[in-house]
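Q:
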């Protein structure tokens with residue numbers, strides 16, 4: 001069977017999570033895809049998928065090979081676009097992921113504008129407050145906030161954000177504002193469950209551990225923000241999350257000298273994706289958005 005076709009089948013099965021779904025995407029049949037994957041595995045001398053009656057998942061060897069397969073197919077597609085003379089025209093579907101609130105506030109406006117301007121471009125965006133597996137899930141570009149782990153992925157730094165302690169004017173009128181870190185122990189705190197779950201807050205002077213469990217614990221940024229604005233207590237959120245509320249006077253920044261070092265905002269993607277017109281356009285637009293909003 002044609003080697004290029006078996007690579008396309010492999011990437012499709014990995015992306016769709018099954019042989020039947022991959023066959024539908026490719027306009028083929030499940031038996032043909034099954035034969036293609038079997039031929040590829042025989043050629044490579046290793047199993048690429050774990051198969052069961054309920055699910056198909058990548059083996060360690062399959063996960064390692066997926067990035068290379070996508071890179072090869074991406075380079076071929078880019079070469080074809082160059083020959084056709086359309087290398088500067090963004091087209092196809094751009095698959096993005098970002099933290100929920102950052103995506104809603106800053107990625108969504110960029111994508112909206114790109115879709116309006118470029119009729120041949122489509123987009124799919126997954127907003128989720130955890131780091132997804134970029135290669136395995138077929139992500140073109142991921143927004144990451146904070147330090148990056150070592151990987152073979154390419155990163156472009158586009159901005160930075162800071163952690164901020166905030167509370168509402170009503171809460172501060174009732175309880176007073178902490179003047180030093182030690183006074184936080186006497187205040188009502190709003191805690192977070194999820195990717196940022198911790199029993200301490202990172203401050204400029206070091207890690208401050210909760211002496212008692214926060215009175216209110218939520219699992220989304222929106223809920224923590226709403227609770228802080230309602231006067232429930234003090235929240236520790238990121239600057240882009242509270243910017244509108246602080247500017248409008250609904251929240252007040254506390255202990256500004258205790259803000260820790262800024263966290264970088266990166267766009268993360270496979271090196272092979274860098275040549276895609278849609279990816280280049282998105283990166284440039286996100287850089288412009290960060291400059292416009294002051295998150296640089």
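Residue numbers (full-length UniProt numbering): 1 to 296.
For glycine and all other residues, C-beta sits at the position ideal for the given N, C-alpha and C.
Okay, do the region 162-182 and the region 277-294 touch, 3+ Cβ pairs below 8 Å being the bar?
A: In short, these stretches do not touch, since the Cβ pair count stays below three.
Q: Reducing DSSP to helix, strand and coil, say where residue 278 ends up.
A: In the chain shown, the residue the question calls residue 278 occupies position 278. Of the three classes helix, strand and coil, the one that applies to residue 278 here is helix, per DSSP.
Q: Can you tell me which of the three DSSP states residue 102 falls into?
A: Numbered from 1 along the chain shown, position 102 holds the residue referred to as residue 102. If DSSP states are grouped into helix, strand and coil, residue 102 belongs with the helices.
Q: Tell me which same chain residues have a C-beta within less than 6 Å of the C-beta of residue 152, skipping the five on either side of it?
A: Position 152 of the chain shown, counted from the start, is the residue given in the question as residue 152. If we look at residue 152 and ignore the five residues flanking it on each side, it has no Cβ neighbours.
Q: So, using beta-carbon positions, are residue 217 and residue 200 closer together than 9 Å?
A: For the purposes of this step, residue 217 is identified with residue 217 of the chain shown, where counting begins at 1. For the purposes of this step, residue 200 is identified with residue 200 of the chain shown, where counting begins at 1. No, Cβ-Cβ distance for residue 217 and residue 200 is not below 9 Å.
Q: Are the region 210-230 and the region 140-148 in contact at 8 Å, needing three or more beta carbon pairs?
A: No, they do not touch.
Q: Taking the alpha-carbon positions, what's the residue 51 to residue 108 distance?
A: By 1-based counting over the chain shown, the position of residue 51 is 51. By 1-based counting over the chain shown, the position of residue 108 is 108. Their backbone Cα atoms lie some 37 Å apart in a straight line.
Q: Identify every residue that forms a DSSP beta bridge with residue 293.
A: Working through the chain shown from its first residue, we reach residue 293 at position 293. None, per the DSSP bridge assignment.
Q: Assign residue 6 to one of two classes, buried (16 or more other C-beta atoms within 10 Å of its C-beta) or exposed (fewer than that).
A: For the purposes of this step, residue 6 is taken as the residue at position 6 of the chain shown. Residue 6 should be labelled buried.
Q: Need the endpoints of the alpha helix (DSSP H) that residue 15 sits in, please.
A: Here the question's residue 15 lines up with position 15 in the chain shown. 3-16 is the span of the alpha helix (DSSP H), which, as asked, contains residue 15.
Q: Let me check you understand the geometry: is the CB of residue 237 closer than 8 Å to at least one non-hydrogen atom of the ligand SAM?
A: In the structure shown, the ligand SAM is absent, as is every other ligand, since no ligand is present at all.
Q: Tell me whether residue 53 is buried or exposed, calling it buried when 16 or more other Cβ atoms sit within 10 Å of its Cβ.
A: Taking the first residue of the chain shown as position 1, residue 53 is located at position 53. It counts as exposed.
Q: Under the rule that 16 or more other beta-carbon atoms within 10 Å means buried, what is residue 70, buried or exposed?
A: If you number the chain shown from 1, residue 70 lands on position 70. By the neighbour-count rule (16 or more Cβ atoms within 10 Å), residue 70 is buried.
Q: Output the residue ranges of the beta strand (DSSP E) runs that lie fully inside the region 124-206 and measure 3 residues or longer, sorted by chain position.
A: Complete beta strand (DSSP E) runs here, min 3: 141-145, 154-161, 163-167, 189-192, 200-203.
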